Amino acid sequence: MAIEDAIRIDSSDEGTLPLVIRPGRERSAAGLNRCLRENADWVQDRLVAHGALLFRDFDVAGPDDFEAVARGVDDELKNKYLGTSPRDALTDYVFSASELPGFYPIPQHCEMSFTSNPPRRVFFGCLVEPAPGSGETPVADFRKVYRDLDPEVVKRFEEGGLRIVRNYSGPTGGGRFNLWKLKRWDEMFLTTDRTLVEKTCREQGFEAHWIGRDGLRLVSTQAIHRDHPQTGERVWHNHSTTFHLSTAPAEYQRILSHRPSPRIWGWYQLSRVLVALQRRKPSSDELALHCTQADGSEIPDADMDHVRDVVWKHMVVTPWKRGDVLAIDNHSVSHGRLPYRGPRQIAVCWA
């Protein structure tokens, strides 16, 4: 089926992030899957050019329909997840996007950018629409972010390097309220076999250090940028603004400016107190999540804030509509989550 017969793109949406695609003659998830497969070059060209495609008003009723649309874009879905956000399986390849409490913001990041081989595509599907003005999954073009960063800041990041430290409790630990301790290592690696954990760590470039009874500390270094494999464009592609200890109050502060409310102000103040308490630890290596320069020295606060300001400048917030499917080029475009209250179910898969 010709792409122009199956789907519709408003002329006003050309050049936007994301590119919004609506039904033409084809509305079903299965039909859209078939159309996308038959016009693969068209799909991939626009996904790379725009950075993200939003399929809206198609008949996507549940996880299976969502997976069908995702497979129309990229059929090589994966289900090994080495990120920090807790997720529940909905199918063999579809998961809840995050089980983090709704009050907690998720900063912009490219999926699993700290691994040796991050996903090339990430997909989100809206199964339960959140309340208006909340729970969006913003995106940002990290190609533009890189171009807009102060060259001196980039130079300091490049010369200093990025060292990531993550501390996980094990099968017998956890459960203590902590905004930064996200899951146990056996939940992330899906095994309690330390030999298998160490093997995966070697493959991904993580240093594995067993701490105490059954804690695990992962230490790794990450490049600040990657070049896009299709276009060669340089992309800001790292987890510094996600893993840095200052992330929570920094995000709440910006959300408060974007969407002021007493509730967000309260979380902002609480996160500031919790970060201050965390900073009292004798060593940053003891923090649940943090990143420093390669030699262990702290990244200047002003540099972190500059990066966040540029990211927020390029952030695009699109309200979710039930049945939406968002396809993201993970080589170039980031995603995150704004706080919400009440029902919300967003599914995720990746390739």
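Numbering (our numbering), first residue to last: 27 to 377.
Where is the CB? At the ideal position from N, CA and C, for every residue including glycine.
Source: prediction; values computed, not measured.
Residue i - DSSP class collapsed to helix/strand/coil
i: residue 150; result: strand
i: residue 201; result: Confidence is the limiting factor: at residue 201 the pLDDT is only 49, short of 50, which leaves the residue's position unreliable, though a coordinate-based value still follows. If DSSP states are grouped into helix, strand and coil, residue 201 belongs with coil.
i: residue 319; result: coil
i: residue 251; result: strand
i: residue 191; result: strand
i: residue 314; result: coil
i: residue 276; result: helix
i: residue 50; result: coil
i: residue 71; result: helix
i: residue 16; result: Outside the displayed span of the chain (27 to 377) sits residue 16, for which this structure offers no information.
i: residue 365; result: coil
i: residue 90; result: helix
i: residue 343; result: coil
i: residue 281; result: helix
i: residue 135; result: strand
i: residue 115; result: strand
i: residue 122; result: strand
Backbone CA spacing between residue i and residue j [nearest angstrom]
i: residue 42; j: residue 187; result: 33 Å
i: residue 211; j: residue 246; result: 16 Å
i: residue 265; j: residue 361; result: 12 Å
i: residue 103; j: residue 306; result: 42 Å
i: residue 83; j: residue 353; result: 15 Å
i: residue 201; j: residue 325; result: Below a pLDDT of 50, predicted positions are generally treated as unreliable, and residue 201, at 49, falls in that range; no measurement from the model is reported.
i: residue 26; j: residue 239; result: Within the shown structure, residues of the chain are numbered from 27 to 377, placing residue 26 beyond reach of any answer.
i: residue 374; j: residue 105; result: 10 Å
i: residue 258; j: residue 366; result: 37 Å
i: residue 215; j: residue 107; result: 8 Å
i: residue 302; j: residue 115; result: 35 Å
i: residue 243; j: residue 323; result: 18 Å
i: residue 31; j: residue 147; result: 25 Å
i: residue 117; j: residue 335; result: 37 Å
i: residue 52; j: residue 99; result: 16 Å
i: residue 254; j: residue 280; result: 29 Å
i: residue 222; j: residue 289; result: 43 Å
i: residue 217; j: residue 241; result: 14 Å
i: residue 70; j: residue 282; result: 37 Å
i: residue 309; j: residue 67; result: 50 Å
i: residue 261; j: residue 137; result: 14 Å
6 Å Cβ shell around residue i - same chain, five flanking residues per side excluded
i: residue 33; result: 47, 50
i: residue 224; result: 234
i: residue 343; result: 162, 164
i: residue 230; result: 141, 142
Close-in-space but distant-in-sequence residues of the same chain around residue i (CB under 7 Å, 5 per side omitted)
i: residue 86; result: 55, 92, 95, 151, 349, 351
i: residue 268; result: 133, 135
i: residue 347; result: 82, 152, 155
i: residue 328; result: none
i: residue 277; result: 131, 133
i: residue 250; result: 183, 184, 188, 264
Minimum C-alpha distance to residue i - residue among the options
i: residue 333; options: 193, 114, 273, 156; result: 273
i: residue 169; options: 375, 369, 355; result: 355
i: residue 248; options: 291, 317, 225, 90; result: 317
i: residue 369; options: 157, 180, 113, 97; result: 157
i: residue 339; options: 308, 237, 165; result: 165
i: residue 79; options: 231, 270, 167, 183; result: 167
i: residue 193; options: 73, 71, 312; result: 312
i: residue 183; options: 357, 263, 101; result: 263
i: residue 141; options: 190, 176, 162; result: 190
i: residue 314; options: 175, 196, 88; result: 196
i: residue 90; options: 283, 319, 119; result: 119
i: residue 237; options: 288, 220, 284, 58; result: 220
i: residue 180; options: 66, 241, 330; result: 330
i: residue 62; options: 35, 97, 275, 320; result: 97
i: residue 227; options: 270, 252, 282, 143; result: 143
i: residue 364; options: 74, 128, 75; result: 128
i: residue 371; options: 88, 178, 171, 64; result: 88
i: residue 341; options: 35, 271, 36, 44; result: 44
Residue i - partner residues in DSSP beta bridges
i: residue 104; result: 376
i: residue 78; result: 354
i: residue 243; result: 193, 235
i: residue 262; result: 251
Own chain residues within Cβ distance below 8 Å of residue i, not counting five before or after
i: residue 112; result: 124, 125, 126, 208, 209, 213
i: residue 275; result: 294, 297, 298, 301
i: residue 319; result: 186, 187, 188, 189, 325
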